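Report on the structure given below.
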Amino acid sequence: MKSNRNLNIFSTSIVIRALNEARHIGKLLYGLKQQTKLPDEIILVDSGSTDDTLMIASSYDVKIVKIKKNEFSFGKALNIGCEEASKEILIFVSAHVYPSDKNWLQNLIKPFIDSKVVCSYGKQRGDRKTKYSENQIFNSWFPEDINDIKTKYFCNNANCAIRKSVWNEYQYDENLTGLEDLDWAKNQYSLGYKIIYSPKAKVIHVHNENWKQIRNRYRREAIALRRIEPTMTLNLFNLVYLLFLSILCDSLSTKSTKIFYLNFYSIILFRFNQYLGTYLGLNSKSMDISHLRSTF
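Throughout, my numbering is defined as the position within the sequence shown, counted from one, plus 48.
Right, dumping it as structure tokens:
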């Protein structure tokens, strides 16, 4: 109980970026209102929704900030939400996630008791519609055990928290086509601060993309990754090798012959589009930010 009382010293602002998320936003907002530690404010940064996203959000106690669709970048929308936020801890969640239990927010902010912690990020899992390979990626990036994390500065803004005081000094790169969270976390880690994984702060992340959208997601993230990690490369030989290896690993991880046959074609198509998109992004010659923004 003592640690829970200590958490009450932190005031929290939830920042959500959204575009046409009417199918998901209600479940997220309802889940936020069920937390054992309630957020002090919720800010929705909407980049031009034409569905019922804003109507649903308006039925909750949410501050809505509108930006033009052609002005959107992941970093810019996040910076606008952070600027509007007034509380000590900024919580970022994707509009298509929802907390898995009532202690999610409490578990996400718990690491901030340590003054050296500037960022905490939680576990993500898919739902029953999530593609098999996507679930395998969630399991890899967000393992059950904190000791299985592969890098000291990984972070993901679909389920993450940072200190507002640190954001005031170090804002998100608005020119990146994605991975603004990884870029920010890497910079903070290089300054000697801590990035903490909180596996008990779990959300369900609903990705319902077609194959082209999956390819474009990995392409734009690879373009950003090339700026964050300039030495990162992927040639055709490595593309084929990684594609074969990932398909093999996914296939071997299936628990039964039935699961294997149900997911085999999905595994092939997902991994093909994942690595093709990554290859195209890492080898992209165009770095025109305005062109990339309109493309993605």
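Virtual Cβ for every residue (Gly too), placed ideally from N, Cα, C. Predicted model, so just to flag it, every value in this text is computed and none were measured.
{"Query": "Within 10 angstroms of its Cβ, does Asn-216 collect 16 or more other Cβ (buried), or is it exposed?", "Result": "exposed"}
{"Query": "Per DSSP, what kind of secondary structure is Val-63 in: helix, strand or coil?", "Result": "strand"}
{"Query": "Quick check on Gln-82: buried or exposed, where buried means 16 or more other Cβ atoms within 10 Å of its Cβ?", "Result": "exposed"}
{"Query": "Mind listing, in chain order, the continuous beta strand (DSSP E) runs of no fewer than 3 residues lying wholly within the stretch 101-145?", "Result": "111-114, 137-142"}
{"Query": "Hey, quick one: how far does the beta strand (DSSP E) through Glu-89 stretch, first residue to last?", "Result": "89-94"}
{"Query": "Span of the alpha helix (DSSP H) holding Ala-394?", "Result": "Because the chain in this structure spans residues 49 to 344, residue 394 falls outside the shown range and cannot be described."}
{"Query": "Are the beta-carbon atoms belonging to Thr-225 and Arg-268 less than 8 Å from one another?", "Result": "yes"}
{"Query": "Does Pro-147 pass the burial test, meaning 16 or more other C-beta atoms within 10 Å, or should it be called exposed?", "Result": "buried"}
{"Query": "Have a look at the DSSP bridge pairing and note the partners of Asn-348.", "Result": "In this structure the chain extends from 49 to 344, so residue 348 is not present and cannot be described."}
{"Query": "Using only the alpha-carbon positions, how far apart do Lys-200 and Ala-209 sit?", "Result": "16 Å"}
{"Query": "Would you say Arg-265 touches the ligand ATP, meaning its beta carbon is less than 7 Å from a heavy atom?", "Result": "Looking at this structure, you won't find the ligand ATP or any other ligand, since it has none at all."}
{"Query": "Under a three-way DSSP split, which group does Tyr-327 fall into?", "Result": "helix"}
{"Query": "Determine, using beta carbons only, whether Leu-123 and Val-93 come nearer to each other than 8 Å.", "Result": "A quick correction: the sequence has Gly, not Leu, at residue 123. No, they are not a contact pair."}
{"Query": "Measuring straight from C-alpha to C-alpha, what distance separates Leu-153 and Ala-249?", "Result": "7 Å"}
{"Query": "May I ask which residues mark the beginning and end of the alpha helix (DSSP H) holding Val-214?", "Result": "212-217"}
{"Query": "Mapping the DSSP letters down to three states, classify Asn-68 as helix, strand or coil.", "Result": "coil"}
{"Query": "Count the other C-beta atoms from every protein chain shown that fall within 10 angstroms of the C-beta of Arg-263, then say buried if there are 16 or more, exposed otherwise.", "Result": "buried"}
{"Query": "List the residues that DSSP assigns as beta-bridge partners of Ser-168.", "Result": "Ala-209, Ile-244"}
{"Query": "Alpha carbons only, please: which of Pro-247, Trp-259, Phe-320, Cys-203 is nearest the one belonging to Gln-236?", "Result": "Cys-203"}
{"Query": "Please state the DSSP three-state secondary structure of Lys-75.", "Result": "helix"}
{"Query": "Go ahead and pull the three-state DSSP assignment for Asn-52.", "Result": "Because the pLDDT at Asn-52 is just 49, under 50, the model does not fix this residue reliably, and the point stays unresolved."}
{"Query": "Would you mind sorting Lys-50 into buried or exposed? The rule is 16 or more other CB atoms within 10 Å of its CB.", "Result": "Unreliable positioning characterises Lys-50 in this predicted model, as indicated by a pLDDT of 41, which lies under 50. A coordinate reading is not provided."}
{"Query": "Using 8 Å as the Cβ pair cut-off and three pairs as the minimum, do the stretch 89-103 and the stretch 59-72 touch?", "Result": "yes"}
{"Query": "Would a C-beta distance cut-off of 8 Å place Lys-171 and Asn-256 closer than the cut-off?", "Result": "no"}
{"Query": "Taking the straight line between their C-alpha atoms, what separation do you get for Leu-317 and Glu-192?", "Result": "27 Å"}
{"Query": "Can you pull the DSSP bridge partners for His-253?", "Result": "Val-145"}
{"Query": "Tell me where the alpha helix (DSSP H) around Ser-97 begins and ends.", "Result": "Run containing Ser-97: none; DSSP gives neither H nor E here."}
{"Query": "Assuming Ile-115 and Ala-125 make a contact with CB atoms under 8 Å, what is their CB distance in whole Å?", "Result": "6 Å"}
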